[in-house]
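Position in the sequence shown (from 1) plus 3 gives the number in the numbering used here.
For each residue, glycine too, the CB sits at the ideal point set by N, CA and C.
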Amino acid sequence: MLRPGDAAYAGASLLANMRFDSTRPAAIIKCNSVEDVKTGLAFVRNNKLAVTPRCGGHSWAGTSTTTGVVLNVTPMNAIQVNANGTARIGAGARLAEVYDTLIANGVCIPSGTCLTVGIAGITMGGGIGILDRQFGLTCDNLLAAEVVTADGRLLSCDATTEPELFWALRGGGGGNFGVATSFTFKTHRIEDITVARADFRFQDFAAMFDAWQRWPQSLPDNIWAQIYMQFGSGGASCTVTAYCLGTSSFLQPYWNTFLAASGGASADMSTAVSQLPYRDVAWSMCAGIPLNECSLSGYSPEGRKTRYDEVLSSDFFNELLPAAGIAALNESVKDAMAAGISGSYIFDHMGGAIGRVAADATAFVHRKALFSVEYATWQSRTVYDTTFPNRMRGLMKAWSSGGAYVNYLDPLLKDWQAAYYGANLTRLSHIKKQYDPGRIFSMFQGVEPG
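Given below as structure tokens:
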């Protein structure tokens with residue numbers, strides 16, 4: 004147990020987002036085993052303290068910390084790849100450790116691209132990433148989990164054992180139903196992946212976006228694409244990146260179709276298509292550095308990845324954006340830059356395997372979405388308007404589904420229960436009442452027992 008004043012406390016108290024550095028836990032319990040988790044929860048219950056589990060520490064609303072007790076499961080990061088096409092992953096593992104081990108065995112699971120994120124949080128919130136159209140969300144590949152519940156029991160759950168708890172863990176959000184200690188996933192064989200990238204002028208955004216949003220209508224599931232728009236005092240830039248679980252010759256005609264639909268290559272638009280080993284793509288955030296250094300500075304003496312000061316919100320879109328919606332996005336960037344705001348919009352294709360799962364088959368309800376978007380703003384030398392991402396939800400309300408991604412908690416979201424969970428909220432509330440009626444896990448914007 005670490006307390007304020009202990010030598011290791013300062014680093015252990017930090018989250019990925021510097022906005023929450025002022026929150027000082029009364030104690031941080033580093034859990035090396037299930038018994039440590041049980042002991043920590045007993046201490047919390049007996050002393051009536053607030054508690055939050057922590058894996059990667061990436062909660063955008065700061066729910067990975069508390070003024071009470073943090074149960075840090077990062078030491079529980081063992082990974083076992085099995086011959087039967089499964090992998091057992093400790094709940095404390097970060098994606099860097101997960102990918103490093105799985106890729107060495109020629110397999111993968113679909114998940115995110117930020118390597119310092121913890122496997123527990125991203126899984127329990129859904130898990131959007133570059134392989135999802137082919138293999139489904141991270142939570143769709145979860146076969147079983149072990150969880151220490153509020154009353155101190157270790158429960159194994161899957162589709163037939165504790166099925167309601169298992170259902171809730173697949174998209175119901177981390178920190179709501181217990182402390183996860185391990186996950187068992189279905190794995191997939193993987194070798195090369197082809198990456199295509201094009202940089203567009205901001206003035207070409209409207210044509211490019213419309214081509215991008217319509218593109219999946221003719222795409223096979225093994226192709227996924229993202230738009231990254233960044234803006235600030237230096238102007239705005241747009242990049243489209245496509246990932247294909249196949250060869251460059253397979254992707255090239257689809258890529259050519261997209262480029263033609265987006266208006267073709269302009270004079271200052273660069274484009275490239277490369278077939279790469281999957282590790283090179285999965286490890287791009289930490290390219291050129293070893294595993295022990297692929298962590299956030301301050302978390303460990305070796306960590307070389309910079310922490311950030313950033314605010315997010317999100318949207319899902321079940322229908323194509325009309326011209327008016329695209330124009331609203333375009334104008335919002337101009338208005339933000341005029342106001343001195345720095346930020347980004349990241350649009351991700353959905354559909355494919357994601358959409359073939361029923362909205363009530365898991366707790367992740369956003370199955371009809373064609374694409375999602377992350378609105379972000381960060382600390383800059385000009386204006387830091389922390390309300391900007393949430394205002395973007397309001398601006399796009401006429402066209403969005405109204406849903407929001409629970410892994411991108413938005414503290415300003417007023418209708419958060421409906422936005423995160425939709426029609427699945429009632430069932431989640433009943434499960435919360437069954438497994439945590441006393442609200443031992445009472446995180447901000449957490450599921451309430453009902």
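Exercise. Just tell me which of Leu398, Ile226, Phe447 has its CA closest to the CA of Ala356.
Key: Ile226
Exercise. Classify Thr141 as helix, strand or coil using the three-state DSSP reduction.
Key: coil
Quiz prompt | Whole-angstrom distance between Phe444 and Arg2, CA atom to CA atom | solution = Absent from the model: residue 2. The displayed extent of the chain is 4 to 453, so no value can be given.
Exercise. Could you tell me the distance, in whole angstroms, from the CA atom of Tyr302 to the CA atom of Asn393?
Key: 29 Å
Self-check item: Inter-stretch contact at 8 Å, needing at least 3 Cβ pairs: the region 421 to 429 / the region 395 to 409
Solution: yes
Quiz item: If you run the structure through DSSP and keep just helix, strand and coil, what is Cys289?
Solution: helix
Self-check item: Between the CA atoms of Phe261 and Ala19 - distance to the nearest angstrom
Solution: 36 Å
Quiz item: Hey, out of Val101, Leu105, Thr55, whose CA is closest to Leu118's CA?
Solution: Val101
Quiz prompt | Close-in-space but distant-in-sequence residues of the same chain around Ala214 (CB under 7 Å, 5 per side omitted) | solution = Phe261, Ala264, Ser265
Quiz prompt | Three-state class that DSSP yields for Ala270 in the structure shown | solution = Per-residue confidence for Ala270 stands at a pLDDT of 42, beneath the threshold of 50, marking its modelled position as unreliable; the derived number appears in the next sentence. Three-state result, Ala270: coil.
Quiz item: For Lys308, which residues does DSSP report across the bridge?
Solution: Leu299
Quiz item: What are the start and end residues of each continuous beta strand (DSSP E) run of 3 or more residues lying completely inside the region 27 to 53, in chain order?
Solution: 30 to 33
Exercise. Measure the C-alpha to C-alpha separation of Ala277 and Val450 and round it to an integer number of angstroms.
Key: It should be noted that the sequence gives Ser, not Ala, for residue 277. Those two C-alpha atoms are separated by around 44 Å.
Practice problem: Compare the beta carbon distance of Tyr281 and Cys111 with 8 Å and say whether it is the shorter of the two. | Solution: yes
Quiz prompt | Rounded separation between Leu145 and Arg204 - CA only | solution = 40 Å
Exercise. Tell me, please, whether the CB atom of Asp135 is closer than 8 Å to any CB atom in chain B?
Key: Looking for chain B here will not work: only one protein chain is present.
Exercise. Kindly indicate which residue of Thr274, Asn35, Trp402, Val54 has the alpha-carbon position closest to the one of Asp202.
Key: Thr274
Exercise. Check the C-beta distance from Ile122 over to Phe186 and give it rounded, since I have them as a contact under 8 Å.
Key: 7 Å
Quiz prompt | Meets three-Cβ-pair contact criterion under 8 Å: the region 230 to 239 and the region 345 to 364 | solution = yes
Self-check item: Supposed contact pair Trp402 and Phe320 - C-beta distance, whole angstroms, cut 8 Å
Solution: 6 Å
Exercise. To the nearest angstrom, report how far apart Gly291 and Val73 are at their CA atoms.
Key: 33 Å
Quiz item: Which residue's Cα is closest to the Cα of Thr68: Gly453, Met446, Pro452?
Solution: Met446
Exercise. Provide the residue span of the beta strand (DSSP E) that contains Ile349, from first to last.
Key: 346 to 352
Practice problem: With a cut-off of 8 Å on the beta carbons, I'd call Val150 and Thr184 a contact; round off their distance for me. | Solution: 7 Å
Quiz item: By a C-beta neighbour count over all protein chains shown, 10 Å radius and 16 as the cutoff for buried, is Ala339 buried or exposed?
Solution: buried
Exercise. Give me the Cα-Cα distance between Thr242 and Ala199, rounded to the nearest whole angstrom.
Key: 10 Å
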